[in-house]
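Student: Okay, handing you the structure first.
In the numbering used here, the protein residues as written are 8 to 341.
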């Protein structure tokens with residue numbers, strides 16, 4: 008192996024020009040670690056929040072950030088038996104715990120690393136690790152969504168929403184989601200039973216109509232703000248709200264209290280078990296990662312800009328990064 012690699016380094020907090028391509032030293036592999044040749048990574052809202060400085064106290068600069076990896080094991084520590092050299096793997100690096108995925112190579116604790124599903128490519132696999140683990144934590148571990156229950160998923164065409172729809176259907180739930188009119192056929196193709204146009208319809212009233220006034224058992228919030236504040240208005244009795252968004256404003260919980268509602272706020276903790284469960288569903292054809300755009304590693308700033316613009320640019324699903332090639336695939340405005 009070479010002792011250096013190309014990496015995208017966050018040299019300052021700020022805009023899309025905050026990144027630099029640098030040659031950096033490849034860390035030494037510890038006894039319970041593996042060195043992975045990164046084939047693909049992906050962009051998450053957490054990435055651009057870190058870039059802007061939202062978590063400055065947790066990310067000393069300069070830093071290599073990024074939270075999705077799909078690649079091939081090239082070296083393993085002396086005490087590693089779970090994977091072999093040449094294995095295709097995918098995982099999320101430890102969040103706020105060291106260098107991230109915007110690099111040609113990555114050193115990871117073997118406990119984080121899972122076998123990549125055989126029926127998807129590296130770009131698709133890298134698009135699943137953080138959002139997949141988050142959705143599993145939200146719907147299975149926290150909300151304990153059950154067969155025949157009804158769930159409202161906010162933002163169904165986004166990177167998280169596309170996976171959430173598919174996991175909820177795999178569980179056997181009835182899925183209501185919100186999306187722009189231009190994305191209705193798309194989210195239905197993922198398994199959504201009903202779709203609410205959040206740009207023109209009030210989702211609380213629409214849910215009441217769709218459920219004959221009963222409300223939904225679970226609300227999965229990927230938006231925050233007013234969406235989170237009004238979510239208990241759409242709940243059935245003893246319903247659950249699960250949010251993956253920072254609470255930026257005070258919440259009025261009177262409606263939730265009156266319905267004996269439970270609230271869960273998820274900042275996911277990665278482990279191999281969640282990814283193994285997702286691998287099983289992917290290989291059974293129940294979940295298919297949605298890649299809405301692809302850019303090469305050198306164009307990370309542009310990828311951040313695309314994700315932040317989101318649906319206004321026609322983006323569906325995730326923005327993936329081709330680390331070993333120069334693939335460029337951009338969404339078309341709808």
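We put the CB at the ideal spot given by N, CA and C, even for glycine.
Keep in mind the model is a prediction, meaning the values are calculated, not measured.
1) Would you kindly report the start and end of the unbroken alpha helix (DSSP H) that includes residue 54?
2) Answer with buried or exposed for residue 56, where buried requires no fewer than 16 other C-beta atoms within 10 angstroms of its C-beta.
3) Contact check, residue 47 vs residue 330 under 8 Å by CB: the rounded distance?
4) Judging by CA-CA distance, which residue of 84, 312, 174 and 133 is the nearest neighbour of residue 36?
5) Using CA coordinates, which residue listed in 45, 32 and 92 is at the minimum distance from residue 10?
6) If we call anything under 9 Å between Cβ atoms a contact, is residue 82 one with residue 92?
7) Just the C-alpha distance for residue 133 and residue 312, rounded to the nearest angstrom, thanks.
8) Which two residues bound the contiguous alpha helix (DSSP H) that contains residue 313?
9) Name, in chain order, the residues that DSSP records as bridge partners for residue 270.
10) How far does the alpha helix (DSSP H) with residue 113 in it extend, from its first residue to its last?
11) Hey, quick one: how far does the alpha helix (DSSP H) through residue 237 stretch, first residue to last?
12) Under the rule that 16 or more other beta-carbon atoms within 10 Å means buried, what is residue 181, buried or exposed?
13) Using a threshold of 9 Å, state whether the C-beta atoms of residue 16 and residue 29 are closer than that.
14) What span of residues does the alpha helix (DSSP H) with residue 193 cover, start to end?
15) What residue range does the alpha helix (DSSP H) around residue 139 cover?
16) Residue range of the beta strand (DSSP E) that residue 102 falls in?
17) Tell me whether residue 143 is buried or exposed, calling it buried when 16 or more other Cβ atoms sit within 10 Å of its Cβ.
Tutor: Let's see:
1) For this step, residue 54 is matched to residue 47 along the chain shown. Counting along the chain, the alpha helix (DSSP H) containing residue 54 begins and ends at 52–59.
2) Stepping through the chain shown from its first residue, residue 56 is reached at position 49. Result: exposed.
3) As a first step, residue 47 must be located in the chain shown, where it is residue number 40. As a first step, residue 330 must be located in the chain shown, where it is residue number 323. About 6 Å separates the two Cβ atoms, so the contact holds.
4) The residue labelled residue 36 in the question sits at position 29 within the chain shown. With distances taken between Cα atoms, residue 36 lies closest to 84.
5) Within the chain shown, the letter at position 3 stands for residue 10. Of the candidates 45, 32 and 92, the one whose C-alpha sits nearest the C-alpha of residue 10 is 32.
6) Here residue 82 is taken as the residue at index 75 of the chain shown, counted from 1. Here residue 92 is taken as the residue at index 85 of the chain shown, counted from 1. In this structure, residue 92 lies closer than 9 Å to residue 82 by Cβ.
7) Along the chain shown, read from residue 1 onward, the residue named residue 133 stands at position 126. Along the chain shown, read from residue 1 onward, the residue named residue 312 stands at position 305. Their Cα atoms are separated by approximately 19 Å.
8) Your numbering for residue 313 matches position 306 in the chain shown. Taken as a continuous stretch (DSSP letters only), the alpha helix (DSSP H) holding residue 313 covers 307–316.
9) In the chain shown, the residue the question calls residue 270 occupies position 263. The partner list for residue 270 (beta bridge, DSSP) reads 248.
10) Counted from its first residue, the chain shown places residue 113 at position 106. Counting along the chain, residue 113 falls outside any alpha helix (DSSP H), though it belongs to the beta strand (DSSP E) covering 112–116.
11) Translated into positions along the chain shown, residue 237 becomes position 230. Looking at the DSSP string, the run of the alpha helix (DSSP H) that includes residue 237 is 233–237.
12) Residue numbering aside, residue 181 sits at position 174 when the chain shown is read from its first letter. Its Cβ being crowded by 16 or more others within 10 Å, residue 181 is buried.
13) Taking the first residue of the chain shown as 1, we reach residue 16 at position 9. Taking the first residue of the chain shown as 1, we reach residue 29 at position 22. The answer is yes: Cβ separation under 9 Å.
14) For the purposes of this step, residue 193 is identified with residue 186 of the chain shown, where counting begins at 1. Unbroken alpha helix (DSSP H) run through residue 193: 191–197.
15) Numbered from its first residue, the chain shown carries residue 139 at position 132. Where residue 139 is concerned, the enclosing alpha helix (DSSP H) stretches over 136–142.
16) Counting from 1 along the chain shown, the entry for residue 102 is found at position 95. That residue, residue 102, is in no beta strand (DSSP E); it is neither H nor E in DSSP.
17) Along the chain shown, one-based indexing puts residue 143 at 136. Residue 143 is buried by the Cβ-count criterion.
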